[in-house]
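Residue numbers (our numbering): 16 to 98.
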């Protein structure tokens, strides 16, 4: 049975990385017969998962909270004075 995957967007970026780390991740990619970007994506997913477990939080919750604050900043709030 094939697994349905949602289409993901990919973004190109440039960064600096330690030579030794790059060699290791390339080697892992080669041994697992995966593309380098797939191996890096999996590594980042594992890192984020570890971070969320260790800090007992979800990155997606933080992002949605940030989005909610931005929407509150853009809305007008009516305040009534009670006398």
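Backbone N, C-alpha and C fix where the C-beta goes; we use that ideal spot for every residue, glycine too.
Tell me the rounded alpha-carbon separation between residue i and residue j.
| i | j | result |
| --- | --- | --- |
| residue 22 | residue 34 | 32 Å |
| residue 74 | residue 82 | 12 Å |
| residue 46 | residue 54 | 11 Å |
| residue 60 | residue 25 | 14 Å |
| residue 36 | residue 69 | 23 Å |
| residue 32 | residue 80 | 31 Å |
| residue 29 | residue 56 | 15 Å |
| residue 38 | residue 48 | 15 Å |
| residue 65 | residue 71 | 10 Å |
Write down the C-beta distance between residue i and residue j rounded to the nearest angstrom, noting that I regard them as a contact closer than 8 Å.
| i | j | result |
| --- | --- | --- |
| residue 51 | residue 44 | 5 Å |
Going by other Cβ atoms of all chains shown within 10 Å of its Cβ, with 16 needed for buried, is residue i buried or exposed?
| i | result |
| --- | --- |
| residue 76 | exposed |
Could you have a look at residue i and say whether DSSP puts it in helix, strand or coil?
| i | result |
| --- | --- |
| residue 82 | helix |
- Query: What runs of the beta strand (DSSP E), each 3 residues or longer, lie entirely inside the stretch 30-79?
  - Reply: Runs of the beta strand (DSSP E) inside the stretch 30-79: none found.
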